[in-house]
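**Q** Here it is, the structure in full.
Number of protein chains: 2
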Amino acid sequence: MKQILVLGAGQSTTYLIDYLLKEAPKEDWFVTVGDRDLNAAQKAVGEYASGSAIPFDINDSTLRATQFQKADIVVNLLSPLFQHLIALECINYGKPMVSASYAQPRVKELDLDANRKGIIILNEMGLDPGIDHMSAMALIHSLYKQGGVITTFLSYGAGLPAPEVNSNPLRYCVTWNPRNVVRAGEAGAQYMEDGKIKVLPYHNLFNRTWTVDAEGVGTLEAYPNRDSLIYREIFGLDDVSTMIRGTLRYPGWSETWQQLVKLGLTNETMPIPNLQKMTYREFTQLFLPLHISGSKLTNRVANLLNLSPTGKIMENLKWLGLFSDTVINGEATSASDVLTELLKKKLNLPPDARDMVVLIHEIEVRFPEENDRRERLKTTLIEYGDPAGFTAIAKTVGLPAAIATKLILKGRLPMTGCHIPIKPAIYTPVLEELKKSGLKFKEDVTPL
Amino acid sequence: MKQILVLGAGQSTTYLIDYLLKEAPKEDWFVTVGDRDLNAAQKAVGEYASGSAIPFDINDSTLRATQFQKADIVVNLLSPLFQHLIALECINYGKPMVSASYAQPRVKELDLDANRKGIIILNEMGLDPGIDHMSAMALIHSLYKQGGVITTFLSYGAGLPAPEVNSNPLRYCVTWNPRNVVRAGEAGAQYMEDGKIKVLPYHNLFNRTWTVDAEGVGTLEAYPNRDSLIYREIFGLDDVSTMIRGTLRYPGWSETWQQLVKLGLTNETMPIPNLQKMTYREFTQLFLPLHISGSKLTNRVANLLNLSPTGKIMENLKWLGLFSDTVINGEATSASDVLTELLKKKLNLPPDARDMVVLIHEIEVRFPEENDRRERLKTTLIEYGDPAGFTAIAKTVGLPAAIATKLILKGRLPMTGCHIPIKPAIYTPVLEELKKSGLKFKEDVTPL
Numbered sequence: 346m347k348q349i350l351v352l353g354a355g356q357s358t359t360y361l362i363d364y365l366l367k368e369a370p371k372e373d374w375f376v377t378v379g380d381r382d383l384n385a386a387q388k389a390v391g392e393y394a395s396g397s398a399i400p401f402d403i404n405d406s407t408l409r410a411t412q413f414q415k416a417d418i419v420v421n422l423l424s425p426l427f428q429h430l431i432a433l434e435c436i437n438y439g440k441p442m443v444s445a446s447y448a449q450p451r452v453k454e455l456d457l458d459a460n461r462k463g464i465i466i467l468n469e470m471g472l473d474p475g476i477d478h479m480s481a482m483a484l485i486h487s488l489y490k491q492g493g494v495i496t497t498f499l500s501y502g503a504g505l506p507a508p509e510v511n512s513n514p515l516r517y518c519v520t521w522n523p524r525n526v527v528r529a530g531e532a533g534a535q536y537m538e539d540g541k542i543k544v545l546p547y548h549n550l551f552n553r554t555w556t557v558d559a560e561g562v563g564t565l566e567a568y569p570n571r572d573s574l575i576y577r578e579i580f581g582l583d584d585v586s587t588m589i590r591g592t593l594r595y596p597g598w599s600e601t602w603q604q605l606v607k608l609g610l611t612n613e614t615m616p617i618p619n620l621q622k623m624t625y626r627e628f629t630q631l632f633l634p635l636h637i638s639g640s641k642l643t644n645r646v647a648n649l650l651n652l653s654p655t656g657k658i659m660e661n662l663k664w665l666g667l668f669s670d671t672v673i674n675g676e677a678t679s680a681s682d683v684l685t686e687l688l689k690k691k692l693n694l695p696p697d698a699r700d701m702v703v704l705i706h707e708i709e710v711r712f713p714e715e716n717d718r719r720e721r722l723k724t725t726l727i728e729y730g731d732p733a734g735f736t737a738i739a740k741t742v743g744l745p746a747a748i749a750t751k752l753i754l755k756g757r758l759p760m761t762g763c764h765i766p767i768k769p770a771i772y773t774p775v776l777e778e779l780k781k782s783g784l785k786f787k788e789d790v791t792p793l
Numbered sequence: 346m347k348q349i350l351v352l353g354a355g356q357s358t359t360y361l362i363d364y365l366l367k368e369a370p371k372e373d374w375f376v377t378v379g380d381r382d383l384n385a386a387q388k389a390v391g392e393y394a395s396g397s398a399i400p401f402d403i404n405d406s407t408l409r410a411t412q413f414q415k416a417d418i419v420v421n422l423l424s425p426l427f428q429h430l431i432a433l434e435c436i437n438y439g440k441p442m443v444s445a446s447y448a449q450p451r452v453k454e455l456d457l458d459a460n461r462k463g464i465i466i467l468n469e470m471g472l473d474p475g476i477d478h479m480s481a482m483a484l485i486h487s488l489y490k491q492g493g494v495i496t497t498f499l500s501y502g503a504g505l506p507a508p509e510v511n512s513n514p515l516r517y518c519v520t521w522n523p524r525n526v527v528r529a530g531e532a533g534a535q536y537m538e539d540g541k542i543k544v545l546p547y548h549n550l551f552n553r554t555w556t557v558d559a560e561g562v563g564t565l566e567a568y569p570n571r572d573s574l575i576y577r578e579i580f581g582l583d584d585v586s587t588m589i590r591g592t593l594r595y596p597g598w599s600e601t602w603q604q605l606v607k608l609g610l611t612n613e614t615m616p617i618p619n620l621q622k623m624t625y626r627e628f629t630q631l632f633l634p635l636h637i638s639g640s641k642l643t644n645r646v647a648n649l650l651n652l653s654p655t656g657k658i659m660e661n662l663k664w665l666g667l668f669s670d671t672v673i674n675g676e677a678t679s680a681s682d683v684l685t686e687l688l689k690k691k692l693n694l695p696p697d698a699r700d701m702v703v704l705i706h707e708i709e710v711r712f713p714e715e716n717d718r719r720e721r722l723k724t725t726l727i728e729y730g731d732p733a734g735f736t737a738i739a740k741t742v743g744l745p746a747a748i749a750t751k752l753i754l755k756g757r758l759p760m761t762g763c764h765i766p767i768k769p770a771i772y773t774p775v776l777e778e779l780k781k782s783g784l785k786f787k788e789d790v791t792p793l
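Line order of the protein sequences matches chains U and C. The end of the first sequence is residue 793 by the working numbering, with every number in the run present. The end of the second sequence is residue 793 by the working numbering, with every number in the run present.
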């Protein structure tokens, strides 16, 4: 019997844990789920006989020793904070590791050590990063085999409510860690457009949007997602002159969010005294210059932001509750905490509503050996959640890591070292399994 | 003989080390200066017989053990990164510690451990933080003794070129770590004005300035310095309705710096590929939207920033070299690196020029038992550097830490625990010694 140690049983892990527990009897696995919150671990394991929940504190070295030693693989779903420690311990005890988080530079540096121990440390096995990398690499490698030269690479990802959901004017629902929504883009972004590198500071990020058509969904808007430039090298795209990874929203989100950033409401470094006792109205006033005249708060905000006081953006800010007389309460200590709680309250996915995951690649390629024929390839993955079961985001984030776990235990990913899924030896079998699970990319080709 | 271990021999430490070495023979001290760069340590010790330079890597635990064990006190002048580790080791080996850095929350948490070991961990013993705290607290406590109620507390600090220095249009010279100049204000700021808390995001910080008169210097401008609110509690200023700590510059600095922040040139999280090979002109273009029309780069920048293309601010940006065809070179990997190197080149203090330190407190107080008499107190410290000797900034940052070291070794600061210099038992003897060294606050009182 193979032992799987799953670390973390938070909101986003349900699908993955359920998948492993369901497969366990026929694969002869036993799944131990550890979380600081034993209740969460117990809830994740439920009535399955092939699993067990344990209280788990990652800082407890004795506990780590016992549990890592008896495991055959560690699935790390804890905060990225612990990625390095867990990778070190996996190397220490010679156990393979899988996670859905971005690989940290200092974890990549453990490559030689992982090779020495003969284990794989496999990160970025989620949706974005994860499925996006794998599907992009499959496409890129196939075009290279046909003699293609890739000139443009655009890649978009998002977790959104399905098109029929109309529960709020921003057309966004929090189906993921809301803190990440509030802090999105905090480091700014950079990308390449027509051969020029473009760098954007945080406070201008949500102003530089463009439209993207998603088949069956309609027109969405995109804003640049972090550092797109590093993927030129990672993906081997030396010839591209346009290289952008973007995040998708329904049109209108970014123009409103831009104003929240401009006001300063997304700051999390500055603890504001007595925040819980303030009303939202008082909170919003903190971000305005000292009030001298008698004009209305909404007018002063509109004025400062250079917005129409009666326009759509001000409507959205009002709808969010930033001018309400309700007391904030809760445990907020920073502006970003207040905004996070507000999103959780106002932008929840209604119980009977479907969420949706969208992943789009748009590639322009020319074939020098075919008279420089040029074409545009667009591949689209759209996956809907099941209101009675799992969300699309939980499924698409959890499935790649679950599949990788299975493949490693079955000896079908025999690589060693620190990896992200950009090599055929990893993405080919994983994409195959994803297809069997019903995830399919639709492909359109347009001659240029 | 008492052993002093000084960690760090960087640019800012020269005065302090010189002071200790000069006092050493008559006080029967021996001063060991350790730095990763042995040359720097040797240069700091020079020909003094009462000192010795050693190569010192803070991450070497054996070296730490040997050196901490034989020391009677540790003077920590290393990066704030190592504050916690050094405090832990001082407690471990039972040695008092002095530093000029802001006390970190997790170092404050070691208070009980320091008390158990019977040693003092004393941070914020520089200029700002340091002399500013001590002089403010002396003033505040004296007003409280007179029955005063403090309603307004404004405090300003700066290291600037002396008024006669006119070597550049920004009237600023780098006399300190230039990286800190580039990253100043990165976390935003908050303060209290007329009873209202005001919070400012980074991208608006340098727009919210006001004028401050410094006697003998003229009119300066101030921008809010970090989180002023935490000092309401630390200083015991429960009744103030206006509480602002500000940083001073000659007028015109902030309106120019605001534009660099707005463009995004101060970002240090995003590594930009091939930065060293670009010209400054190419670098500046990275931060503009994609160039379609044929207009001049300077016009496009002025346009984006909503500035007059021929005005003073654009003049300053040109003078800084942001539109030059010179190749960047060096080792810059982020925008903030490029700006740091540019400041070092363009804003250096000329060899025969004096620098200057300004510290101002402005306090409004009422005396309820004296018919609610009200007055404004303004205290001003202005200290000039000596072009043939030490800069004012090196002296005013180094002197408080040096004095504290002496007082601790002589048993005149017998407190234990983690402290910053806000208690009379610390600030009274230190201010007395500062006065003897010629640092004097001028005091003005205006009835209101």
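Positions of the beta carbon are idealized from the N, C-alpha and C atoms, including for glycine.
Identify which residue in C:Thr-601, C:Glu-613, C:Thr-655 has its Cα closest to the Cα of Arg-516 of chain C.
**A** Selected option, being the one with the closest Cα: C:Thr-601.
**Q** In this structure, does DSSP put Lys-768 of chain C in helix, strand or coil?
**A** Coil, per DSSP.
**Q** Leaving out five residues on either side along the sequence, give the residues of the same chain with a beta carbon under 7 angstroms from the beta carbon of Leu-688 of chain U.
**A** The residues are Val-519, Pro-523, Val-526, Val-527.
**Q** Identify whether Lys-641 of chain C lies in helix, strand or coil by the three-state DSSP scheme.
**A** Looking at Lys-641 of chain C - three-state DSSP - the assignment turns out to be coil, as it is neither helix nor strand.
**Q** Using a Cβ-Cβ distance cut-off of 9 angstroms, determine whether Asp-670 of chain U contacts chain C.
**A** No, its Cβ sits nowhere closer than 9 angstroms to a Cβ of chain C.
**Q** Three-state secondary structure (DSSP) at Ile-399 of chain C?
**A** Three-state DSSP puts Ile-399 of chain C in a strand.
**Q** Counting beta carbon pairs with one atom in the region 712 to 725 of chain U and one in the region 544 to 552 of chain U, are three or more of them shorter than 8 angstroms?
**A** As far as the Cβ criterion goes, the region 544 to 552 of chain U does not touch the region 712 to 725 of chain U, which means the pair count is below three.
**Q** Mapping the DSSP letters down to three states, classify Arg-528 of chain C as helix, strand or coil.
**A** Reduced to three states, the DSSP call for Arg-528 of chain C is coil.
**Q** Pick out the complete beta strand (DSSP E) segments inside the region 576 to 663 of chain C, 3 residues or longer, and give them in chain order.
**A** Correct list: 587 to 594.
**Q** Note the first and the last residue of the continuous beta strand (DSSP E) segment covering Ser-444 of chain U.
**A** Element bounds for Ser-444 of chain U: 442 to 444.
**Q** Report the option in C:Lys-657, C:Ser-679, C:Thr-629 whose CA atom is closest to the CA atom of Val-646 of chain C.
**A** The residue with the shortest Cα to Cα distance from Val-646 of chain C is C:Thr-629.
**Q** When you check each C-beta in the region 521 to 538 of chain U against every C-beta of chain C, which residues fall closer than 9 angstroms?
**A** Correct list: Glu-531, Ala-532, Gly-533, Ala-534, Gln-535, Glu-538.
**Q** Using 10 angstroms around the beta-carbon of Gly-591 of chain U, count the other beta-carbons present and answer buried if the total reaches 16, otherwise exposed.
**A** Its Cβ being crowded by 16 or more others within 10 Å, Gly-591 of chain U is buried.
**Q** To the nearest angstrom, how far is the alpha carbon of Leu-752 of chain C from that of Glu-613 of chain U?
**A** Near 40 angstroms, if we compare the C-alpha coordinates of Glu-613 of chain U and Leu-752 of chain C.
**Q** Would you say Thr-685 of chain C lies against chain U (beta-carbon separation less than 9 angstroms)?
**A** No, Thr-685 of chain C lies away from the interface with chain U (no Cβ there is under 9 angstroms from its Cβ).
**Q** In whole angstroms, give me the CA-to-CA distance for His-486 of chain C and Ile-705 of chain C.
**A** Whole-angstrom Cα-Cα distance: 17 angstroms.
**Q** Straight-line CA distance for Leu-793 of chain U to Asp-584 of chain U?
**A** If you take the alpha carbons of Leu-793 of chain U and Asp-584 of chain U, they lie about 18 angstroms apart.
**Q** Rounded to whole angstroms, what's the CA-CA distance from Arg-699 of chain C to Thr-407 of chain C? Just pull it up for me.
**A** Those two C-alpha atoms are separated by around 43 angstroms.
**Q** Give the C-beta separation of Leu-667 of chain C and Glu-728 of chain C to the nearest angstrom, bearing in mind that I take them to be a contact with Cβ-Cβ under 8 angstroms.
**A** No, Leu-667 of chain C and Glu-728 of chain C are not in contact; Cβ-Cβ is about 33 angstroms, not under 8 angstroms.
**Q** What's the gap between the Cα of Gln-491 of chain C and the Cα of His-764 of chain C?
**A** Each residue's Cα considered, the two are about 26 angstroms apart.
**Q** Name the two residues that bound the continuous beta strand (DSSP E) containing Pro-569 of chain U.
**A** Pro-569 of chain U -> beta strand (DSSP E) spans 563 to 569.
**Q** Can we say the region 563 to 580 of chain U touches the region 651 to 660 of chain U, given the rule of at least three CB pairs closer than 8 angstroms?
**A** Short answer: they don't touch.
**Q** Does the distance from the CB of Leu-499 of chain C to the CB of Ile-708 of chain C come in under 9 angstroms?
**A** In contact: Leu-499 of chain C and Ile-708 of chain C (Cβ atoms closer than 9 angstroms).
**Q** According to a CB-to-CB cut-off of less than 9 angstroms, which residues of the region 535 to 564 of chain C neighbour chain U?
**A** Correct list: Gln-535, Glu-538, Asp-539, Lys-541, Ile-542, Lys-543, Val-544, Leu-545, Pro-546, Tyr-547, His-548, Asn-549, Arg-553.
**Q** By Cβ distance, which residues of its chain are closer than 8 angstroms to Ser-681 of chain C, with the 5 residues on each side in sequence left out?
**A** The residues are Arg-524, Val-527, Arg-528, Leu-610, Thr-611, Asn-612, Glu-613.
**Q** Just to confirm the assignment, what range does the beta strand (DSSP E) spanning Ile-705 of chain C have?
**A** Here the beta strand (DSSP E) through Ile-705 of chain C covers 700 to 712.
**Q** Looking at the unbroken beta strand (DSSP E) that takes in Glu-538 of chain C, where does it start and where does it end?
**A** First-last of the beta strand (DSSP E) with Glu-538 of chain C: 534 to 538.
**Q** Evaluate Gln-603 of chain U with the Cβ neighbour count: other Cβ atoms within 10 Å of its Cβ, from every protein chain shown; 16 or more gives buried, anything less gives exposed.
**A** Its Cβ being crowded by 16 or more others within 10 Å, Gln-603 of chain U is buried.
**Q** How is Arg-381 of chain U classed by DSSP in three states: helix, strand or coil?
**A** DSSP places Arg-381 of chain U in coil when its eight states are reduced to three.
**Q** Exposed or buried, which one is Val-790 of chain U when buried takes at least 16 other CB atoms within 10 Å?
**A** Exposed, since its Cβ has fewer than 16 Cβ neighbours within 10 Å.
**Q** In whole angstroms, what is the alpha-carbon distance linking Leu-361 of chain U and Ala-746 of chain U?
**A** Answer to the nearest angstrom: the Cα atoms are 7 angstroms apart.
**Q** Tell me which residue opens and which closes the beta strand (DSSP E) that Arg-792 of chain C is part of.
**A** Arg is not the amino acid found at residue 792 of chain C; the sequence shown has Pro there. Counting along the chain, the beta strand (DSSP E) containing Pro-792 of chain C begins and ends at 787 to 792.
**Q** State the DSSP-derived secondary structure class of Arg-409 of chain U, mapped to helix, strand or coil.
**A** Residue state, collapsed to three classes: helix.
**Q** At which residue ranges does the region 416 to 503 of chain C contain complete beta strand (DSSP E) runs of 3 or more residues, listed in the order of the chain?
**A** Segments of the beta strand (DSSP E) lying fully in the region 416 to 503 of chain C: 418 to 421, 442 to 444, 465 to 467.
**Q** With a threshold of 9 angstroms between beta-carbons, can Met-615 of chain U be considered close to chain C, or not?
**A** So, interface residue.
**Q** Identify whether Asn-304 of chain U lies in helix, strand or coil by the three-state DSSP scheme.
**A** Only positions 346 to 793 of chain U appear in the structure, and residue 304 of chain U is not among them; the question remains open.
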